[in-house]
Ligand code: ADP
Ligand code: MG
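Residue numbers (the working numbering): 53 to 811.
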């Protein structure tokens with residue numbers, strides 16, 4: 053626990069970081085700005101001018117280190133993670149030859165050091181340094197780590213054959229924490245060896261469990277530890293208001309908020325560190341619960357509201373409609389598709405508007421399900437709309453649906469941005485007059501001048517590509533229409549319930565029959581491996597199959613990437629596969645050009661399609677059998693899975709080639725390895741969730757959720773269940789308990805949670 057300190061300035065959780073008294077932050081105006089900037093970057097919806105102490109305190113340690121006792125050198129084992137208190141024997145740097153980028157100079161800075169006992173041999177702590185100022189940095193560190201300097205090094209120690217001792221490689225030299233040469237009791241001034249740091253705080257860095265933070269803008273982890281310590285000391289418990297009612301806390305065994313905020317940074321002496329590292333300490337539980345509780349409550353309120361509404365359309369589904377639907381289906385539905393259709397029919401027949409999420413792995417056959425829903429609404433005399441994220445996909449859907457419904461009396465139209473203004477105007481008129489029965493398109497569907505006469509069903513495909521607002525806008529074109537949203541980014545069911553708390557979830561968990569699983573293999577980006585890849589591609593091309601080659605396009609360097617993709621296209625066309633026809637597709641091309649290339653690929657005229665990720669979603673060309681992904685390491689797993697889903701759509705063997713420039717690194721191997729292991733989108737999504745968290749995958753903004761600060765939806769499923777239960781109780785007691793009413797009011801007033809109540 054944190055002892056109250058002498059500094060007692062009046063600050064509260066709402067104090068802006070920029071207003072933190074200098075006596076607490078010990079930062080100049082520039083430093084304070086940096087701190088505010090760093091905290092703002094980690095607090096969604098905040099900026100430098102309004103980030104407050106509360107946001108700082110919710111910047112949690114990434115891990116904790118037990119420094120109540122240090123490991124000694126003689127107890128090290130290869131691969132052991134340990135914290136050592138060390139004393140510099142000698143430190144220095146030298147230049148090494150850099151094979152990869154020989155114009156860049158590469159240095160190694162290393163410290164050889166012994167521990168307090170001086171028994172074991174000396175160990176080495178080292179790091180690479182490169183870049184323009186590498187040499188200066190080496191020099192300054194050499195000066196800093198003079199003989200006898202006391203420091204702490206934490207990490208995974210390895211037996212170093214070359215050096216014949218244990219060594220620890222750090223990513224950056226500032227991961228090393230320098231300490232005053234000996235611990236001093238609190239309050240005693242430091243000598244010249246204290247390196248200009250606050251000696252009275254030395255005690256918070258050793259002889260206890262210490263929090264280790266990620267570097268926050270330019271604030272070093274150790275400095276941040278001191279700032280947070282002083283902030284917590286200056287805050288009295290009464291300034292940290294309790295947010296949860298006492299009886300709820302008692303039921304859920306949650307500690308008070310002030311305690312939680314203190315302990316999560318500075319665990320009490322008797323704390324079990326393992327609980328802290330796994331986010332299961334009482335402090336973690338309390339803060340995670342709270343965060344999930346607000347979310348669950350917001351979603352539940354919203355759902356209650358929707359169920360009370362009635363939709364504009366009234367839908368009947370009788371035998372004759374079912375027969376007409378059955379007569380147009382090009383194939384027999386899978387068991388899963390049939391189940392989903394049943395769930396959907398139930399919603400459509402009910403008086404409340406349908407709000408259903410249809411999840412299904414790539415290629416599981418969601419389109420036909422959407423078409424059945426559309427046909428049902430049209431048979432009942434209502435207009436329908438299908439919105440998709442790309443023109444290519446809109447065209448494909450329109451083509452297919454027109455083909456399937458060719459004999460029906462319904463008029464189906466494509467509405468995308470690139471059609472001629474005059475045609476567009478006419479189309480708008482027909483839609484408003486109710487003459488168009490199914491409108492398939494992109495964002496063009498939610499432009500201002502589009503209005504429907506009686507939109508009864510809105511379908512949104514690849515919904516994770518749209519923002520909450522866009523989804524809401526389509527819905528608003530009708531009078532409380534039925535809504536079906538579809539996604540191929542599979543997320544575990546329990547998670548979907550929360551993330552899409554206001555949606556009912558249907559899952560297609562079965563692929564259409566006759567698919568051969570795709571073979572996936574990782575290759576290194578070198579001449580040898582590329583030769584193997586070429587062999588595979590040539591074989592497939594010769595047997596009449598088609599190939600995708602995909603390049604990443606990251607926003608920051610879009611120009612460069614585009615140049616890469618274009619060059620690669622020219623190279624493949626002219627040098628590697630001169631006998632085959634190669635096409636290029638990227639988002640910057642004019643719509644007509646794109647359409648031409650895509651049509652060429654669909655018809656088989658183009659055999660190799662070099663593309664950016666514009667083909668990621670939905671594109672369906674069954675004759676394509678190889679997906680080559682360049683710089684695979686730059687993609688998220690779910691995205692790789694989406695891309696891979698473009699092949700393997702027929703019975704023949706298909707391949708996915710992942711070219712990774714850092715195939716050798718452990719991270720890449722572990723991450724990409726799962727792609728070789730499985731074709732199961734759910735397993736991949738779970739792994740992706742573990743690695744990147746839900747925000748990144750689903751785009752929290754798109755999912756309509758506030759970013760989580762403490763909670764992790766994958767890790768915290770159990771707490772989530774408890775939070776949902778309490779939220780339900782609260783909703784049920786809204787009228788009878790003033791406490792519950794207060795909680796509900798709080799949620800309704802919270803700007804961050806309002807977003808959750810939109811889509
Ligand atoms: P996704 O779920 O990725 O949108 P699609 O709807 O594009 O998948 O379907 C993938 C492919 O599977 C399409 O070529 C489609 O015609 C085909 N398909 C869908 N359902 C079935 C089925 N029950 N039997 C056979 N083929 C099917
Ligand atoms: Mg699809």
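Think of the CB as a built atom: it goes at the ideal place given N, C-alpha and C, for glycine as much as any other residue.
task: Helix, strand or coil for residue 263, going by three-state DSSP, please let me know.
output: Here residue 263 carries a strand assignment [DSSP, helix/strand/coil].
query: Excluding sequence positions up to five away, which residues of its chain have a Cβ less than 8 Å from the Cβ of residue 643?
result: 443, 468, 469 and 470, listed in sequence order.
- request: Report the rounded CA-to-CA distance for residue 484 versus residue 434, giving the unit in angstroms.
  value: One alpha carbon belongs to residue 484, the other to residue 434, and they sit about 12 Å apart.
field: Closer than 7 Å: residue 665 CB and nearest the ligand MG heavy atom
entry: No; taking the cut-off as 7 Å, the Cβ of residue 665 has no heavy atom of the ligand MG nearer than that.
query: Quick one: does the C-beta of residue 416 sit closer than 7 Å to a heavy atom of the ligand ADP?
result: Flag set: Cβ of residue 416 near the ligand ADP.
query: DSSP puts residue 166 in a beta bridge; with which residues?
result: Answer by DSSP bridge pairing, in chain order: 139.
message: Rounded to whole angstroms, what is the Cα-Cα separation between residue 500 and residue 685?
response: For residue 500 and residue 685, the gap between their C-alpha atoms comes out near 40 Å.
query: Thinking C-beta only, is residue 512 closer than 8 Å to residue 412?
result: For residue 412 and residue 512, no; Cβs fall outside 8 Å.
query: residue 384: which of 421, 399 and 350 sits nearest, CA to CA?
result: Closest by alpha carbon: 421.
task: Would you list, in sequence order, the uninterrupted beta strand (DSSP E) runs of no fewer than 3 residues that lie entirely inside the stretch 586-642?
output: For the stretch 586-642, whole beta strand (DSSP E) runs of length 3 or above, ordered along the chain, are 598-602 and 634-637.
task: State buried or exposed for residue 596, treating a residue as buried only when at least 16 other CB atoms are found within 10 Å of its CB.
output: The residue is exposed, with fewer than 16 neighbouring Cβ atoms inside 10 Å.
- request: Reducing DSSP to helix, strand and coil, say where residue 153 ends up.
  value: At residue 153, the pLDDT of 49 sits below 50, so the modelled position is not reliable; the number obtained from the coordinates is stated separately. Three-state DSSP puts residue 153 in coil, outside helix and strand.
Inside the stretch 283-307 only - beta strand (DSSP E) runs reaching at least 3 residues: Runs found: none.
message: Please report whether the beta-carbon of residue 615 lies at a distance below 8 Å from any beta-carbon of chain D.
response: Within the model displayed, chain D is absent; a lone protein chain is all it includes.
- request: Within the same chain, show all residues whose beta-carbon is closer than 7 Å to that of residue 263, passing over the 5 residues directly before and after it, in chain order.
  value: Counting only Cβ-Cβ distances below 7 Å, and skipping sequence neighbours, we find 113, 116, 277, 317 and 318.
query: How about residue 886 and residue 320: are their beta carbons less than 8 Å apart?
result: Look at the range of the chain in this structure, 53 to 811, and you will see that residue 886 is not part of it.
field: For residue 415 and residue 563, the rounded distance between their alpha carbons
entry: If I take the Cα positions, the gap works out to 7 Å.
Same chain, Cβ closer than 8 Å to residue 573, neighbours up to 5 away in sequence not counted: Excluding positions up to five away in sequence, the list reads 707, 708, 709, 710 and 728.
task: Determine the direct distance from the alpha carbon of residue 294 to that of residue 133, and round the result to whole angstroms.
output: Taking the straight line from one Cα to the other gives about 38 Å.
message: Taking the straight line between their C-alpha atoms, what separation do you get for residue 772 and residue 327?
response: Rounded to whole angstroms, residue 772 to residue 327 spans 18 Å at the Cα level.
- prompt: Per DSSP, residue 209 forms a beta bridge with which residues?
  reply: In the DSSP secondary-structure assignment, residue 209 is not bridged to any residue.
field: Spatial distance of residue 751 from residue 143 (CA atoms)
entry: Its pLDDT being 46, under 50, residue 751 is placed unreliably in this model, and the value from its coordinates should be taken loosely. Approximately 46 Å between the Cα atoms of the pair.
- request: Return helix, strand or coil for residue 68, following the three-state DSSP convention.
  value: Three-state DSSP puts residue 68 in a strand.
task: Would you list, in sequence order, the uninterrupted alpha helix (DSSP H) runs of no fewer than 4 residues that lie entirely inside the stretch 334-363?
output: As far as the stretch 334-363 is concerned, its whole alpha helix (DSSP H) runs of at least 4 residues are 334-360.
query: So the alpha helix (DSSP H) residue 790 belongs to, where does it begin and stop?
result: Residue 790 -> alpha helix (DSSP H) spans 790-801.
For residue 375, three-class secondary structure by DSSP: The answer is helix: DSSP assigns residue 375 an H, G or I state.
- prompt: Between which two residues does the alpha helix (DSSP H) harbouring residue 75 extend?
  reply: Residue range 74-77 is occupied by the alpha helix (DSSP H) that includes residue 75.
task: With a threshold of 7 Å, establish whether the CB of residue 450 neighbours any heavy atom of the ligand MG.
output: No.
message: Assuming residue 178 and residue 160 are in contact, meaning their beta carbons sit under 8 Å apart, how far apart are those beta carbons, in whole angstroms?
response: Indeed, because the Cβ distance is near 6 Å, the residues count as touching under 8 Å.
query: Is there at least one non-hydrogen atom of the ligand ADP closer than 7 Å to the beta-carbon of residue 657?
result: No, the Cβ of residue 657 stays beyond 7 Å of every heavy atom of the ligand ADP.
query: When we look at the beta-carbon of residue 185 and count the other beta-carbons within 10 Å, is it buried (16 or more) or exposed?
result: Residue 185 should be labelled exposed.
message: Check this for me: beta carbons of residue 367 and residue 401, under 8 Å apart or not?
response: Yes. Within cutoff.
message: Spatial neighbours of residue 776 within its chain, please: C-beta separation below 6 Å, excluding the five flanking residues on both sides.
response: Cβ contact annotation for residue 776 (same chain, cutoff 6 Å, sequence separation greater than five): 348, in chain order.
task: Classify residue 147 as buried or exposed, calling it buried when 16 or more other Cβ atoms lie within 10 Å of its own Cβ.
output: Note on residue 147: under 16 other CB atoms within 10 angstroms of its CB, so exposed under the neighbour-count rule.
query: Where do the N-terminal and C-terminal ends of the beta strand (DSSP E) with residue 493 fall, by residue?
result: Run containing residue 493: 490-493, per the beta strand (DSSP E) assignment.
- prompt: When the Cα of residue 566 is compared with those of 702, 165, 324 and 428, which residue comes out closest?
  reply: Comparing Cα-Cα distances from residue 566 to each of 702, 165, 324 and 428, the minimum goes to 702.
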